[in-house]
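Since the structure comes first, as structure tokens, the remarks are kept for the end.
Residue numbers (the UniProt record's numbering): 1 to 82.
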């Protein structure tokens, strides 16, 4: 296991923020909400429960979602049999 100091973690965070700045986070949240609104009114074969109870996402929620996706790609966990 590789241990990193706080300075390295801060540098990684700063590097990430070069690409994902506040403007991009706002755009991601805005477009997610726009697509959800579009999906609610688009004709479709099956009704989706999720679109009926949609609540607008915030930048903080989008950051948490992306963080989980990134973490899932980094951390190895055993598979869960279905």
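Built from N, CA and C at the ideal position, the CB exists for glycine as well.
Item                                                                                          : Value
contact_flag[the stretch 17 to 26, the stretch 35 to 43] where n(CB pairs < 8 Å) is 3 or more : no
Endpoints, alpha helix (DSSP H) assigned at residue 33                                        : 22 to 41
Test item: CB-CB of residue 29 and residue 54 under 9 Å                                       : no
CB contact flag (residue 33, residue 57, <9 Å)                                                : yes
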